[in-house]
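The structure appears right after this line, and notes come after that.
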Amino acid sequence: MQSPGASHDVIILGAGASGLMCAATAAQRGRRVLVLERANKVGKKILMSGGGRCNFTNYQVEADNFLSDNPHFCKAALKRYTQWDFIGMVERYGIDYEERRHSQLFCRQSARDILDMLLDECQQAGVEIRTHCEIAEVQTLESHNLRYRLLGRQGQQPFRLDCQSLVVATGALSIPTLGGSGIGYEIASQFGLPLVPRRAGLVPFMFSDNMKAVCERLSGLALEVTASCNDQSFTENMLFTHRGISGPAILQISSYWHPGDTLIIDLLPGLDAFHWLREAKQQQGKQLLKTLLAQRLGRALVTELQQLWWPDAPARPLADYSDRQLRTVADQLHQWLLKPSATEGYRTAEVTLGGVATEAVSSKTMEARDCPGLYFVGEVLDVSGHLGGFNFQWAWSSGYSAGLAV
Numbered sequence: 001m002q003s004p005g006a007s008h009d010v011i012i013l014g015a016g017a018s019g020l021m022c023a024a025t026a027a028q029r030g031r032r033v034l035v036l037e038r039a040n041k042v043g044k045k046i047l048m049s050g051g052g053r054c055n056f057t058n059y060q061v062e063a064d065n066f067l068s069d070n071p072h073f074c075k076a077a078l079k080r081y082t083q084w085d086f087i088g089m090v091e092r093y094g095i096d097y098e099e100r101r102h103s104q105l106f107c108r109q110s111a112r113d114i115l116d117m118l119l120d121e122c123q124q125a126g127v128e129i130r131t132h133c134e135i136a137e138v139q140t141l142e143s144h145n146l147r148y149r150l151l152g153r154q155g156q157q158p159f160r161l162d163c164q165s166l167v168v169a170t171g172a173l174s175i176p177t178l179g180g181s182g183i184g185y186e187i188a189s190q191f192g193l194p195l196v197p198r199r200a201g202l203v204p205f206m207f208s209d210n211m212k213a214v215c216e217r218l219s220g221l222a223l224e225v226t227a228s229c230n231d232q233s234f235t236e237n238m239l240f241t242h243r244g245i246s247g248p249a250i251l252q253i254s255s256y257w258h259p260g261d262t263l264i265i266d267l268l269p270g271l272d273a274f275h276w277l278r279e280a281k282q283q284q285g286k287q288l289l290k291t292l293l294a295q296r297l298g299r300a301l302v303t304e305l306q307q308l309w310w311p312d313a314p315a316r317p318l319a320d321y322s323d324r325q326l327r328t329v330a331d332q333l334h335q336w337l338l339k340p341s342a343t344e345g346y347r348t349a350e351v352t353l354g355g356v357a358t359e360a361v362s363s364k365t366m367e368a369r370d371c372p373g374l375y376f377v378g379e380v381l382d383v384s385g386h387l388g389g390f391n392f393q394w395a396w397s398s399g400y401s402a403g404l405a406v
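Its first residue numbered 1, the sequence shown is counted upward by one per residue in full-length UniProt numbering.
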């Protein structure tokens, strides 16, 4: 057992993006900061993100890029610490980065550059970080300005730690192999904070009907589509997998999908398919429909679509189609209706939707309104970003906001 007198100004649970940002910010203000990490290494999600290149923010950050029961909650933190602030730190460290599609920013070399930068910020400010730490209990104190006591173990060694401010930066349920857990929700419930129901977001879909076999046969094929559901649309690549469909467009729309909903897939976004088909009919009437479609969709996908929609017309030239029939074909291409059986769940989800209800937390400081000294930052809150660097920006902004207040 460590000394009963082991106390700190701030203890942060979780050494991920939001926890490390909060730690560095608080320590730079002269606070004595201890970070406790459950996993064997810090920043695991940072290291694996963006294919190992870390999509660390986006040039175009707006409140509309985030999902929450309170869409206004994220505004104060995003304004207090902007994408430009983080980009400035990246540039001060000389980290080489690049802009990709949709204003996304990635490291040119490695996500390790971002993690090393955060760890250097923490080290320079005197932050202490411990790994292999399991929290067994959080108690409240009312003595010597200390508010919270943590009981737990580091490896096999029990500890008892006291602090003035406790920051919950424990992440969420997504990708549990990287150290995510539900302990942040348990702490919130212990102190009476309401929770918004959780579900997997930014996650691939699976099928149990005839689409499952179609996806298996097309596994590895990618094409640009517009995926729509519940009045939201995203135009990006869709990837067929042996379990279903994935790719950026699908991950994005998954955050708006609920079980039983139908997806609408436009296979020819930005193209007037009816006009294209009718023009081809007039100019190349002897050409087969499948031959024309294969120019844009690929032979394998067209073969599958033919079996689904036009099984009786494999050798029919375009000249034999009436305009009404071509209109039907065009509508099918623009509105392929798919009904997933489920998502792949937290195992592969990039974020967890829902979490600690923002109504119970200050949007300026991230402090629980009815629990002085208790803060929640990052993904544990009911704030989830779109794909494209937004979840990291929320981690930087919420962590920084709390770091100024603890």
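Note that the Cβ used here is the ideal one computed from N, Cα and C, for glycine as well.
Would you list, in sequence order, the uninterrupted alpha helix (DSSP H) runs of no fewer than 4 residues that lie entirely inside the stretch 240-322?
Note on the stretch 240-322: whole alpha helix (DSSP H) runs with a minimum of 4 residues are 248-254, 273-283, 289-297, 299-309, in chain order.
From this set, Ala-280, Tyr-59, Glu-344, Glu-91, which residue's C-alpha is nearest His-242's C-alpha?
Residue Glu-344 holds the alpha-carbon nearest to the alpha-carbon of His-242 among Ala-280, Tyr-59, Glu-344, Glu-91.
Alpha carbon to alpha carbon, how far is Leu-389 from Pro-311?
Looking at the sequence itself, residue 389 is Gly, so the reference to Leu does not match. Going by C-alpha positions, Gly-389 is about 43 Å away from Pro-311.
Less than 7 Å between C-beta atoms, sequence neighbours within five positions excluded: which residues of the same chain meet that for Ser-362?
By the criterion of a C-beta distance shorter than 7 Å, Ser-362 is surrounded in its chain by Arg-369, once the five residues flanking it on both sides are discounted.
Grouping DSSP H, G and I as helix and E and B as strand, with all else coil, what is Leu-221?
The DSSP-derived three-state label of Leu-221 is coil.
Return the residue from the list Trp-394, Ser-401, Ser-398, Val-406 that minimises the CA-CA distance to Asn-58.
With distances taken between Cα atoms, Asn-58 lies closest to Trp-394.
Considering only residues of the same chain and omitting the five flanking positions on each side of Thr-140, which have a CB-CB separation below 7 Å?
The beta carbon of Thr-140 sits closer than 7 Å to those of Arg-147, Tyr-148, all from its chain and outside the five residues before and after it, given in chain order.
Return yes when at least one heavy atom of the ligand HEM lies under 7 Å from the C-beta of Val-168, else no.
Absence of the ligand HEM is noted for the structure shown, with no ligands found whatsoever.
Reference Ala-402, options Ser-143, His-386, Glu-367, closest by Cα
Ranking Ser-143, His-386, Glu-367 by Cα distance to Ala-402 puts Glu-367 first.
Answer yes or no: do Phe-376 and Val-356 have a C-beta to C-beta separation smaller than 8 Å?
Pairing Phe-376 with Val-356 gives a Cβ-Cβ distance under 8 Å.
Grouping DSSP H, G and I as helix and E and B as strand, with all else coil, what is Pro-4?
Residue confidence is low: Pro-4 scores 47 on pLDDT, short of 50, so the model does not pin down where it sits. No coordinate-derived value is stated.
Close beta carbons around Pro-4, own chain, < 8 Å, minus the five adjacent residues each side
Legend: pLDDT at Pro-4 = 47, less than 50; position of this residue unreliable, value from coordinates given subsequently. Within the same chain, Pro-4 has close Cβ partners Arg-160.
What span of residues does the beta strand (DSSP E) with Asp-162 cover, start to end?
DSSP places Asp-162 inside the beta strand (DSSP E), whose first and last residues are 157-168.
Element boundaries [alpha helix (DSSP H), containing Tyr-400]:
Here the alpha helix (DSSP H) through Tyr-400 covers 390-405.
With 16 as the cutoff for other CB atoms within 10 Å, does His-386 come out buried or exposed?
By the 10 Å Cβ count, His-386 comes out buried.
For His-334 and Phe-234, what's the separation of their Cα atoms in angstroms?
Whole-angstrom Cα-Cα distance: 14 Å.
Leaving out the 5 sequence neighbours to the left and right, which residues in its chain are closer than 6 Å to Leu-36 when beta-carbon positions are compared?
Here the set comprises Leu-13, Arg-130, Cys-133.
With a 10 Å radius around its C-beta and 16 neighbouring C-beta atoms as the bar for buried, classify Ser-174 as buried or exposed.
Ser-174 is buried by the Cβ-count criterion.
Note down, one range per segment and in chain order, each alpha helix (DSSP H) of at least 4 residues found wholly within the stretch 23-110.
For the stretch 23-110, the continuous alpha helix (DSSP H) assignments of 4+ residues that do not extend past its boundaries occur at 44-48, 75-80, 83-92, in sequence order.
Which residue from Asp-231, Arg-316, Ala-136, Asn-40 puts its Cα closest to that of Ile-183?
Comparing Cα positions, the closest option is Ala-136.
Anyone know if the C-beta pair for Ser-18 and Ser-255 falls short of 8 Å?
Cβ distance not < 8 Å, so Ser-18 and Ser-255 don't count as in contact.
Based on DSSP bridge pairs, tell me the residues matched to Thr-235.
According to DSSP, residue pairing for Thr-235 in a beta bridge involves Thr-226.
DSSP state of Glu-137, grouped into three classes?
In the structure shown, Glu-137 sits in a strand (DSSP, three-state: E or B).
CB of Gly-378 within 8 Å of CB of Ala-39, strictly
Going by C-beta atoms, Gly-378 is not nearer than 8 Å to Ala-39.
Please work out which residues of its chain come closer than 8 Å, Cβ to Cβ, to Met-206, disregarding the five sequence neighbours upstream and downstream, and give them in chain order.
A distance below 8 Å between beta-carbons, with the five flanking residues on each side excluded, links Met-206 to the following residues of its chain, in chain order: Lys-212, Arg-243, Gly-244, Pro-340, Ser-341, Ala-342, Thr-343, Glu-344.
Nonlocal neighbours in the same chain, by C-beta distance under 7 Å from Ala-15, ignoring five residues either side
Taken in chain order, the residues that qualify are Val-35, Glu-37, Val-42, Gly-43, Ile-129.
Where the beta strand (DSSP E) through Leu-387 begins and ends
Segment: none, Leu-387 is in no beta strand (DSSP E) and carries neither H nor E.
Considering only DSSP beta bridges, list what Glu-128 is partnered with.
The bridge partners DSSP lists for Glu-128 are Leu-34.
Does the distance from the C-beta atom of Asp-9 to that of Cys-163 stay below 8 Å?
Yes, the Cβ-Cβ distance between Asp-9 and Cys-163 is below 8 Å.
Determine whether the beta carbon atoms of Cys-74 and Val-383 lie at a separation below 8 Å.
Yes, the pair counts as a contact, with Cβ atoms nearer than the cut-off.
For Ser-18, does the three-state DSSP call read helix, strand or coil?
Three-state result, Ser-18: helix.
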